[in-house]
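Residue numbers (our numbering), protein chains in the order written: chain Z, 1349 to 2063; chain F, 1349 to 2063.
Idealized CB from N, CA, C, for every residue including glycine.
Below is one structure, written out as C-alpha cells, with a few remarks after it.
There are 2 protein chains.
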Amino acid sequence: MIVWALLTSVGINLGLCLLFFTLYSILKKQPSNLEVYAPRLVAAEEESEQRNGFNFERLLPTAGWVKRAWQPSEDEFMSATSFDAVVFIRIFIFSLRVFGFAGIVGVVILLPINYLGSQLDADSSDLANKSLDSFSISNVNDGSKWLWVHFCAAYIFSGVVCYLLYYEYSYISSKRISHYYSSKPQRNQFTILVRGIPVSSGSSCSETVEKFFTEYYPSTYLSHSVVRRTNKLQRLTSDAKKLYRRLAHLKSETNPQRRSIRDGFCGLFGHKVNALDHYGKKLETVEDNVRMEQLSVAGKEVPAAFVSFKSRLGAAIALHIQQGTNPTEWVTERAPEPQDVHWPFFSSSFIKRWISKLLVVVAYAAVTILFLIPVVIVQGLTNLEQLETYFPFLESILNLTVVSEVITGYLPSLILQMFMAFVPPIMIMLSSMEGCISFSQIEKSACTKMLCFTIWNIFLANALSGTVLYRFDIFLDPKEIPGILADAVPAQASFFIAYVVTSGWTSLLSSVLFRLKPLICSIIKRPFSGKDSDELEVPSIPYHSHIPKVLFFGLLGITYFFLAPLILPFLLVYCCLGYIIYRNQLLNVYAPKYETGGRFWPTVHNSTIFSVVLMHIIAIGIFGLKNLSLAASLIVPLPILTLLFNEYCRKRFLPIFEDYPVECLIKKDREDQNDPTIAVFYNKLSTGYEDPALMPIRHPRSTDDHNSPLLQAGV
Amino acid sequence: MIVWALLTSVGINLGLCLLFFTLYSILKKQPSNLEVYAPRLVAAEEESEQRNGFNFERLLPTAGWVKRAWQPSEDEFMSATSFDAVVFIRIFIFSLRVFGFAGIVGVVILLPINYLGSQLDADSSDLANKSLDSFSISNVNDGSKWLWVHFCAAYIFSGVVCYLLYYEYSYISSKRISHYYSSKPQRNQFTILVRGIPVSSGSSCSETVEKFFTEYYPSTYLSHSVVRRTNKLQRLTSDAKKLYRRLAHLKSETNPQRRSIRDGFCGLFGHKVNALDHYGKKLETVEDNVRMEQLSVAGKEVPAAFVSFKSRLGAAIALHIQQGTNPTEWVTERAPEPQDVHWPFFSSSFIKRWISKLLVVVAYAAVTILFLIPVVIVQGLTNLEQLETYFPFLESILNLTVVSEVITGYLPSLILQMFMAFVPPIMIMLSSMEGCISFSQIEKSACTKMLCFTIWNIFLANALSGTVLYRFDIFLDPKEIPGILADAVPAQASFFIAYVVTSGWTSLLSSVLFRLKPLICSIIKRPFSGKDSDELEVPSIPYHSHIPKVLFFGLLGITYFFLAPLILPFLLVYCCLGYIIYRNQLLNVYAPKYETGGRFWPTVHNSTIFSVVLMHIIAIGIFGLKNLSLAASLIVPLPILTLLFNEYCRKRFLPIFEDYPVECLIKKDREDQNDPTIAVFYNKLSTGYEDPALMPIRHPRSTDDHNSPLLQAGV
C-alpha cells in the first residue's frame, strides 16, 4: 500500500464516519426508531410522552447526543448502567492512555527514524507514492545504531503498559469492593449450587440435601430447591408460547380469508377451518400437556440443588470448604443470579461433566484450527478465472477494472467476515455444552474462546499468510518462532493499518451505532418473527463478541508499536469512537441482564500481557534479523520481567475478582441484621431458584404477560 | 556387560546380602548397640532390663527379626509407628505388585522374544558370553511382527499400573480419613498461621490480631501468639548449650591437668586457669545475655501470628476464605504442629517471600543443571594417565590390572556418589529458604526437588551420556526427544541393571540397615561431638532422601519394562529387601517427629505417572527407529489417556490430601464437645505456639534437662 492509497482510504472513511454520525443523529430522533435506539428509556417510560407529535428539528442532525455520552461522571454512569458497563468503558480509557503514550513516542521519535532509513529500495522521492513500508522498522538499515532507540522504546513502553495495567487493576478492584459494599442484598450472594448429591436409594434428593445441611449448617441454612430435568417441559412451554403468539396475531387480523386455514396433509388438502378455533384447540392441548409434564417433572430430580443460607458468610463457608469425604460429591460452586441461570444444561454426574468439558476443549481446538480451511476454499472459488468459467455471461462485467478490483480486493475478506459471523454463536454453544450453568459464565468463557480464536485466525493467519501457520511443526520447534514472526509480522503492517481504518472504524459505527439488524426488523415488523412486533426487547450487551474485537485492536497496537508506529493514530481514533459510541448504547440501548462485578477484567489484563510478550518475542526476532544480536539478547529479560509482573498481579489482585473476603461478608451481614426488610428478602430467597418452567402458566388471553418467567426459560 | 559378568556380580551381591543380614543380626543384639538399632525401644524403656548380662546367643545370627518385621498387620504397624510410615511402606507394596506383574510378563513373554531376535550381531552361541543387550529390545529385528507383542504389553502394563495407582490412591485416602477420625485433638488442627498482618503505626501486632479476630470470629477465636525475630536469641541459647555441655564434661573429667586451660590469644599464651571457673563464668555471661535478649525480643514482632480457634471448623473457615480486602494481607496458611515449626525463617512481607521463592527456583535450577560439571571434571582427573603424571610414584601400582580396573570402573561412580551425598542438605537448605515454615513442609519440598534432581542427573545424564543432555537446544526441539531417548536409553540397560544390583541392594543394606554413621559415632563416643555421648537420639526417618531413591528405582523398572525386562527380577529383590528393612527400622529405629497424614503420596503417584509417560515417549521413539511407524502412531493415545487418568485422580483424590472436609471437621468438633478434657486442651493450645527460644532457660547444673525446649530451638 502506498501513502496516497492510505490517505484516500482514510479520507473516505472519515467521510463515512461523518455520514454515519449524521444519519444516526437523525434516525435516533424518529419516534418509530425509539425502541431500537433507546429501548432502555422506553422501558423506563421516560420519553413516552415524546413519542407522538412531529417537528422539523427531527430531520436535522445534532451532536447533542455526543455531548450527552461524554457528560456523565463515572459514578453517574455507573448508577445509570451497571458496574460491568463501567469496567467495559475502562477498557477504552486504558487503551486511550496506552495508545496516547505509544502514539507520541511512535510518531515523534520512531516514525522519523524509520522513514530516514534506506534499507528498502527508496527510489521514489515522492512522498505520496512511497510505500507504507518506508514508515515501518523494515526500512531501518541492518545493524544501524538507530535500532537502539527502538530497543529503549520497547523497554520504556513495556514499563508504561505495566504501570497502567497495575493502576487499572488496582482501580477496578477497589471499585469492585466499594460497589459490593453499596449493593443491596442479592439472592446469589446467599446461595450456592451443590452438585453431585449422593442420593441413597431410600430417600429423595430433596430429603438428602435437607438432612445434610440441617446437620452441618444448623444455624445458617435457610432453604434449598432441587434442580429438575425440564428439557421436555421447556420445549412444550415454548410451543405454547408460539401458538399463543399466532393466536394473538390472528385475532388482530382483519382479512377473514386469512383467518381460515386448510387442515389435512401439509395444509394443502382438506377443509378450510376457522384458524382461531384450530389454534385455540391446539393451544389447549399443549397447555394440558404442560400441566401434566409439570406434575410428572417433580419426580425427575437432577442430583443438584440451589442451597440458600441466612448469611453471606454461611454461603461462603459452604462454597470454599470441601463438604464430603469424596471430593466428587457435594461439589459446591457459586450460584448465579436467578435470572442468569441457564436451566437446560444440568448434566448430572461429575464424570459426565468432566468428559463433556474435555470434549468441548477438543471441539474448540478443532474449530479454531480448521476454521480457515473452508474459508480459503470458498475464497479460492472467487478468483476471476474461475468465476468466468462457471458464469460465462458475467465475463463482460468482470472485465471492468472497478468490478475486478472489488471482487479480488474485498470479496475474500467479505467471505472471511461472513464466516466469522458464525463463530460467536458456535463459541456460545460450546461454552454452554461445557457445563456452565449461567449465561454470565457462558459469556465469559465464550469471550476467552473468541479472543484466542480471533488472535489465531485473524492475526496469525494473516501475519503468517496461512501456510506457515498450518505447518504445525513450527510449534515443535519453538526457537524458530521469533524469527518467523519477525519476518512475517512487519510485512503485514499496511494490511492491518487498512484493517483498522476500514473494518475497525466502519464496523464499529455501522453495527454498534446503527444496530442494523433490529432497525431492519423494526421497519419490516415481521409478524411471525420470533418476537412480537410490539414486544419491547431491551438487549443485554453481548460482551463475548465485543470484548474480543476491542482487545484484538489492542493487540495490534501493542504488537505494532515499534514495528509500524503509523498504526497508532488510527487506533487512537478507533478508541475515541468506541468510547463515545459505547457510552451512548450502554446509556440508551443495553440493559444488564446480570452483573458479574467486572469479573472479565482479568481477561483484559491477561490479553494485554500476552500482547506485550508477543511484542517482545517479535522484537527478539527483529533485532536478530537486523544483525543486532546484542539487542536481541538484551530484550530477553523483558518478557521474563513482564511475566513476573503478571504473576505478581495474579497474587495481588486476582483473588479480589474471585471472591469477597470475610471482612466484606461480615460487614454486609451485620448491616442486614439491622435491616427491617430482611425477613421479606429471606422469603423471596427461598423461592428464588425455582425453575421458571415449573411455574404455573399464565392465562393465555391476557396480552400483558410477556415478561412472564416463561420467556426467560426460552432464552 | 556379558551374562557371565552379571551372574558373578549377582552372586557376589547375594553373598554380601547374606553377610550383611548375618552381621546385622549379631550387631543388633549387642546391648551397646541398642541405642543405634533400637532407640525407639530404648526410649520406651521396654528392653532396659535386658541391657546387662551376657549370653552366648548374642553372638549367633538369627532371623527372628525378619519374621518380626513381617509379622505385624497394617493396623498394628500403624499403632506402633505412624500413618506416614504406613504410607511409606505402601510404596513398597505398590512396587511389589507392579514389578510382580511386569516381571511375569517381561520374563515369560518379552525376554524370549528379545533373545530370539537377531538384530545384534549374535556370533557367540555361548550363553554365558552373550551381551546383556541380546535380552533387550535392541535385539529384535527391525520391522519384526514380534514388536506388536511389545506394543500390546505397553498398553496392558499401562492399564495395570493405572489400576494399581487408582486402587492405592483410594486405599490411602480412605485410610487417611479414618486415621483422622481416630486421632486425638491436635493443636495444629485448631490453629492457623496468619502472615502479612497490616500493623498500623499506633498499635502493636498483637493488638491488631486480637482486634481483627475478636471482631470477625467472636464465637470461635481462642488465642494467638505473635512470632518474634529470635535469630540472635537462638544463637545465644545454642552457645549457652554448648558451654553447658563442656562444663558437664569437665566435671566428669578426672585428670586435673585437663581441667585447666590457658587464657589469652588462641589459648597459646597466658596463665593456666581453672577451666571449670573459666567456662562457668562464660556461661553466666551468656545466660545473662540470653535473659536480656529475651526481654528485648518482645518488641521485635514479625507481622505473623499463630491464631488458635475453639473448633476445627473455625480454623478451617479462617484458612479457606480470604480475610482482608487486600489478598497480600492477612494471608492464612495451615499451622504445622508446634514441634514441627521451623522458627528461624519467618520472612516478613508478602513480596519478600515471593522474591525469595523465585530466587530459590533459580538457584535450584542452577544447582540441578550445573551439578554434573564439577563431577565430570573431578572424574576426568582420575583417569590413569593423569594420575600417573601427577603422582609418578604410583605408576607401578596403577599398572596392576586389578587396581586399574577398580580405578577406572568404580572411582568415577564413587565420586558421583560422594557429590550426591552433598545434595540432600542443599535441597533442605533451599527448601527452608523458600519460606517453608515447618520441617514437614521443608521435607516434602526437598523430596520433590531431590526426585527431579535424581531423574535429571542419574537417569538422563547416564542415559544421554551427559553430552546430549547439555545440548539445551533439544528442549527447543521437542519432536526430536522420543528419537534421542529411544536411541540412548536401551543402550544403557546393562548399566542400570548393574546399578540396581550393586548400588541399589548394597546401599539399602549398608546405609539403612547398618546405620553406619551412628554406629561409628557410638563406638568412638566422641565427647565434644554435637551431642552428649549418653544423650539418646531417636531419629526421624529422612523421607526426603529415602523416597526419591526408592521412586528412582520405580522409574527404572517402569521405563525399562519392555526395553529390557531383565531388570525386573532384580528390582523385585530390591523391593522385597526394602519392605523388610524399612518395616524393621521403622519399628525399632525411627520415631516420627511430625505427622503429615501421608501427604507425600501424591508425589509418589505423580512420579509414577511421569515414569509411565516417559515409557510411552520412549516407546514412540523405539517403534519409529524399528521401522514400525504404525505402532509408533498407535502408542500416541496412550500418554494422553494416562494424563487424563492422572487429571481424573487429581480431581477425585488430591483434595482429600489437601484438607479435611466439613463432614469430618464437624463430627470431630462434636466429639470434643462431649470430651471432659477439652478445657485442659484449650489451655495447652493457647501456649502451644510460643517460640521455644523465648522460654525461660533451665537451671544449667541439672543434668536431666536435655530434652528441654532449648534443644528444639537448635535443630
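- prompt: Thr1673/Z touches chain F at which residues, Cβ-Cβ below 9 angstroms?
  reply: Ser1521, Ser1522, Ile1525, Ile2004, Tyr2008, Pro2009, Glu2011, Cys2012
query: Is DSSP giving Val1557/F helix, strand or coil here?
result: helix
message: Tyr1529/F and Gly1662/F - do their beta-carbons sit closer together than 8 angstroms?
response: no
query: Is there at least one Cβ from chain Z nearer than 8 angstroms to Arg2000/F's Cβ?
result: yes
query: To which residues of the same chain is Ile1983/Z closer than 8 angstroms at the C-beta, ignoring the five residues directly before and after it?
result: Phe1499, Ala1502, His1964, Ala1967, Ile1968, Phe1971
Spatial distance of Ile1441/Z from Tyr1938/Z (CA atoms): 20 angstroms
- prompt: Does the separation of the CB atoms of Ile2066/F and Leu1861/F fall below 8 angstroms?
  reply: The structure shown does not extend to residue 2066/F, since chain F is modelled only from 1349 to 2063, so the question has no answer here.
field: Distance between Ser1793/F and Gln1765/Z (C-alpha atoms, nearest Å)
entry: 52 angstroms
Contact with chain F by Thr1556/Z, beta-carbon distance below 8 angstroms: no
Sequence ranges, alpha helix (DSSP H) only - wholly within the segment 1825-1858 of chain Z, length at least 4: Within the segment 1825-1858 of chain Z, the complete alpha helix (DSSP H) runs of at least 4 residues are 1829-1836, 1841-1847.
- request: Look at the alpha carbon of Val2028/Z and the alpha carbon of Phe1918/Z, and state the distance between them as a whole number of angstroms.
  value: 54 angstroms
query: According to a CB-to-CB cut-off of less than 7 angstroms, which residues of the segment 1659-1692 of chain F neighbour chain Z?
result: Listed in sequence order: Ala1664, Ile1665, His1668, Ile1669, Gln1670, Gln1671, Gly1672, Thr1673, Pro1675, Thr1676.
message: With distance defined between alpha-carbon atoms, name the residue in Tyr1627/Z, Asn1579/Z, His1892/Z, Phe1654/Z nearest to His1597/Z.
response: Tyr1627/Z
message: Would Thr1539/Z and Ser1656/Z qualify as a contact pair, given that the criterion is a beta-carbon distance under 8 angstroms?
response: Yes, they are a contact pair.
- prompt: Nearest to Ile1545/Z by alpha carbon, out of Gln1789/Z, Leu1367/Z, Glu1649/Z, Ser1486/Z?
  reply: Glu1649/Z
task: Return the first residue and the last residue of the beta strand (DSSP E) that Ile1540/Z is part of.
output: 1539-1543
query: Distance, Cα to Cα, Trp1413/Z vs Phe1425/Z?
result: 15 angstroms
task: State yes or no: is the C-beta of Phe1900/Z within less than 8 angstroms of the C-beta of Thr1802/Z?
output: Closer than 8 angstroms, so yes.
query: What is the C-beta distance between Val1724/F and Arg1543/F, in whole angstroms, given that I count them as a contact (C-beta under 8 angstroms)?
result: Actually they do not touch by this definition, with Cβ atoms about 43 angstroms apart.
query: Which partner residues does Arg1577/Z have in the DSSP bridge list?
result: Note: Arg1577/Z is not bridge-paired with any residue in the DSSP secondary-structure output.
- prompt: From the beta carbon of Trp1949/Z, is the nearest beta carbon of chain F less than 8 angstroms away?
  reply: So, not an interface residue.
message: With a threshold of 7 angstroms on Cβ separation, who are the neighbours of Arg1660/Z within its own chain once the five nearest residues in sequence on each side are excluded?
response: Gln1537, Phe1538, Leu2013, Lys2016, Asp2017
field: Residue closest to Gly1852/Z, alpha-carbon to alpha-carbon, out of Leu1916/Z, Glu1632/Z, Ser1780/Z, Thr1944/Z
entry: Leu1916/Z
message: Tell me the rounded alpha-carbon separation between Leu1581/Z and Leu1362/Z.
response: C-alpha separation (whole angstroms): 52 angstroms.
- prompt: Between Tyr1515/Z and chain F, is there a C-beta pair that is closer than 8 angstroms?
  reply: no
field: Neighbourhood of Thr1716/Z by C-beta distance below 6 angstroms, restricted to the same chain and skipping five residues each side
entry: Phe1801, Trp1804
task: Look at the alpha carbon of Leu1989/F and the alpha carbon of Arg1998/Z, and state the distance between them as a whole number of angstroms.
output: 31 angstroms
- request: Indicate whether Leu1962/Z and Thr1907/Z have their beta-carbon atoms separated by less than 8 angstroms.
  value: yes
query: For chain F, is any of its Cβ atoms less than 8 angstroms away from the one on Trp1702/Z?
result: Under the Cβ criterion of 8 angstroms, Trp1702/Z is counted among the residues facing chain F.
- prompt: On the premise that Thr1951/F lies in contact with Thr1796/F, defined as a C-beta separation below 8 angstroms, what is that separation, rounded to the nearest angstrom?
  reply: Taking the Cβ atoms as the reference, Thr1796/F lies roughly 6 angstroms from Thr1951/F, within the contact range of under 8 angstroms.
field: Reference Leu2033/Z; option with closest CA among Phe1770/Z, Asp1688/Z, Ser1573/Z
entry: Ser1573/Z
- request: Between the Cα of Met2043/F and those of Lys1478/F, Leu1903/F, Thr1944/F, Gln1642/F, spot the shortest distance and give me the residue it belongs to.
  value: Gln1642/F
- request: Less than 8 angstroms between the CB atoms is what I'm expecting for Leu2064/F and Ile1889/F, so what's the real figure, rounded?
  value: This structure gives no information on residue 2064/F, because the portion of chain F shown stretches from 1349 to 2063.
message: One question on the structure: do Ile1485/Z and Leu1914/Z come within less than 8 angstroms of each other, judged by their Cβ atoms?
response: In this structure, Ile1485/Z sits away from Leu1914/Z, with a CB-CB distance that is not shorter than 8 angstroms.
message: Pop quiz: Val1435/F and Ile1520/F are said to be a contact at Cβ under 8 angstroms. What is the actual Cβ separation, rounded to whole angstroms?
response: 6 angstroms
message: Between which two residues does the alpha helix (DSSP H) holding Pro1985/F run?
response: 1985-2000
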